[in-house]
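This report concerns only the one structure given below.
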């Protein structure tokens with residue numbers, strides 16, 4: 031059984047936190063079990079001095095685990111990873127927040143990389159967000175969308191990952207307020223307006239205090255509500271950096287996909303159309319629409335043949351997605367979800383339908399398996 035010196039993987043250890051692997055002595059005797067805590071530097075140095083070892087099979091990082099996971103387990107992984115990000119975002123004042131965020135973001139990035147269509151499904155359907163507050167769910171969905179759109183725009187890998195982290199953290203100063211506003215039916219109070227107006231600045235300050243030093247990340251958070259020409263807030267900037275400009279557009283798009291107590295979620299095709307009409311000449315708006323398509327994964331649609339189903343994969347063109355048909359023309363549930371190529375005769379998408387139009391529910395596990403056939 032191959033082993034690695036503990037000293038070679040010390041970057042995987044967080045003092046005061048649970049160790050992610052078993053630590054053994056040269057005689058293979060267990061010194062510290064996975065999940066136990068290394069309290070301080072002195073205890074860690076003592077393990078180094080004993081030439082402690084780690085089983086190589088336990089060193090697979092979260093990225094490797096995601097990329098190698100069976101297809102049917104991906105929906106569950108999405109739920110678990112979003113929960114972890116949510117727990118991290120709600121504790122921005124804890125020591126080593128920046129490091130904890132990097133660790134929580136890594137498997138989410140791997141999930142997006144492995145299956146972009148399933149990632150878009152999370153943004154549109156929002157089922158994996160579970161019981162996370164609206165503010166957390168919205169930050170994660172904006173981060174996923176920003177990552178994919180930045181890739182489409184041709185940004186390099188560091189910039190793509192940076193905009194993902196900026197989107198995750200752009201609202202950390204008002205997560206609690208966002209949760210309240212999602213269910214509030216009364217007008218904003220003066221105090222709430224103040225928090226909203228100042229949250230870009232305050233969020234950037236909180237990130238700096240937590241140890242984030244990336245100037246571009248901080249600038250994107252600070253400026254994500256600024257608009258070129260000075261009509262944005264909180265500083266009415268004349269010029270706005272590229273990353274903040276992308277965040278602002280994706281933020282608006284994904285917010286429309288989320289329901290509030292005062293309104294229903296906007297259909298994805300309408301949200302894309304609105305963004306394009308408002309900002310038709312800007313390549314970022316076009317990139318959002320092209321990345322998601324007219325009928326993105328997660329949309330409920332009616333086909334020309336009368337069947338109703340859910341989009342599970344983008345197709346060769348923006349308006350020809352792959353659909354899992356769930357009900358027949360007469361409304362009866364099909365025995366099993368049936369994969370339909372909507373660029374085939376008789377199966378074209380004729381429109382979006384509300385979720386309430388379907389009287390059948392299918393597990394995400396079945397849908398993701400069908401999408402990968």
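In the working numbering, the protein residues as written are 31 to 403. Where is the CB? At the ideal position from N, CA and C, for every residue including glycine. None of these values were measured; they are calculated from a predicted model.
Item: Whether residue 169 touches residue 201 by CB criterion (8 Å); Value: yes
Item: CB-CB length for residue 332 against residue 352, believed under 8 Å; Value: Actually they are not in contact, since the Cβ atoms of residue 332 and residue 352 sit about 15 Å apart, beyond 8 Å.
Item: DSSP bridge partner residues for residue 343 (one or two, in chain order); Value: 352
Item: Top-ranked residue by Cα proximity to residue 340, from 219, 379 and 142; Value: 379
Item: Pairwise C-alpha distance: residue 128 and residue 81; Value: 30 Å
Item: Bridge-paired residues (DSSP) for residue 53; Value: 62 and 84
Item: Close beta carbons around residue 276, own chain, < 7 Å, minus the five adjacent residues each side; Value: 176, 179, 180, 193 and 314
Item: Test item: CB-CB of residue 390 and residue 357 under 8 Å; Value: yes
Item: Exposure of residue 172, with buried meaning 16 or more beta-carbon neighbours within 10 Å; Value: buried
Item: Rounded C-alpha distance that separates residue 286 from residue 90; Value: 38 Å
Item: Residue 330 vs residue 319 beta-carbon contact at 8 Å; Value: no
Item: Same chain only: Cβ atoms within 6 Å of residue 362, ignoring 5 sequence neighbours per side; Value: none
Item: Residue 135 versus residue 214: straight-line alpha-carbon distance, rounded; Value: 30 Å
Item: Per DSSP, cross-strand counterpart(s) of residue 46; Value: None, per the DSSP bridge assignment.
Item: Integer Cβ distance of residue 118 from residue 131, believed to fall under 8 Å; Value: 5 Å
Item: Residue 85 versus residue 149: straight-line alpha-carbon distance, rounded; Value: 32 Å
Item: Rounded separation between residue 397 and residue 210 - CA only; Value: 33 Å
Item: Residue 300, buried or exposed, once every other Cβ within 10 Å from all chains shown has been counted against 16; Value: exposed
Item: Residue 401 burial status per 10 Å Cβ neighbour count (16 or more: buried); Value: buried
Item: Buried/exposed call for residue 92, threshold 16 Cβ in 10 Å; Value: buried
Item: Interface flag, residue 69 vs chain B, CB-CB below 8 Å; Value: The chain inventory of the structure shown lacks chain B, comprising one protein chain alone.
Item: Sheet register partners of residue 221 (DSSP bridge); Value: In DSSP, residue 221 forms no bridge with anything.
Item: Anticipated Cβ contact below 8 Å, residue 56 with residue 83, distance rounded; Value: 7 Å
Item: Cβ pair residue 237, residue 251 closer than 8 Å; Value: yes
Item: DSSP bridge partner residues for residue 361 (one or two, in chain order); Value: In the DSSP output, where bridge partners are listed per residue, residue 361 has none listed.
Item: Completely contained beta strand (DSSP E) runs for the stretch 291-333, where each covers 3 or more residues; Value: 330-333
Item: 7 Å CB neighbourhood of residue 348 in its chain, flanking five on each side removed; Value: 320, 323 and 324
Item: Residue 67, DSSP secondary structure in three states; Value: strand
Item: Where residue 51 falls, given that 16 or more other Cβ within 10 Å makes a residue buried; Value: buried
Item: Residue 368 - partner residues in DSSP beta bridges; Value: 355
Item: Where residue 293 falls, given that 16 or more other Cβ within 10 Å makes a residue buried; Value: exposed
Item: Same chain, Cβ closer than 6 Å to residue 394, neighbours up to 5 away in sequence not counted; Value: 105
Item: Same chain, Cβ closer than 6 Å to residue 155, five either side skipped, listed in chain order; Value: 328
Item: Option in 364, 399 and 346 with minimal Cα separation from residue 373; Value: 346
Item: Cut-off 8 Å between Cβ atoms - residues of its own chain near residue 284, not counting five sequence neighbours on either side; Value: 153, 168, 171, 172 and 175
Item: CB of residue 271 within 8 Å of CB of residue 253, strictly; Value: yes
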